[in-house]
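Let me begin by presenting the structure, written as structure tokens, before commenting on it.
Residue numbers (this note's numbering): 209 to 257.
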């Protein structure tokens, strides 16, 4: 579990009032690394919008 100090609920939703770009970018990188490690490949449809 990764905690982002100061990041609020829905910090990942771009354009939202709680958006935290640094936390969102880092969490996305961590999710993709986790998937690659445990699923063996990146899903081609998995792109950050």
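Note that the Cβ used here is the ideal one computed from N, Cα and C, for glycine as well.
| Check | Outcome |
| --- | --- |
| Residue 242 - DSSP class collapsed to helix/strand/coil | helix |
| Of the residues 239, 247, 223 and 246, the one placed nearest residue 210, counting alpha carbons only | 239 |
| Backbone secondary structure at residue 231 - three-state DSSP | helix |
| Beta-carbon proximity check, residue 235 vs residue 226, cutoff 7 Å | no |
| Residue 237 (DSSP reduced to helix, strand or coil) | helix |
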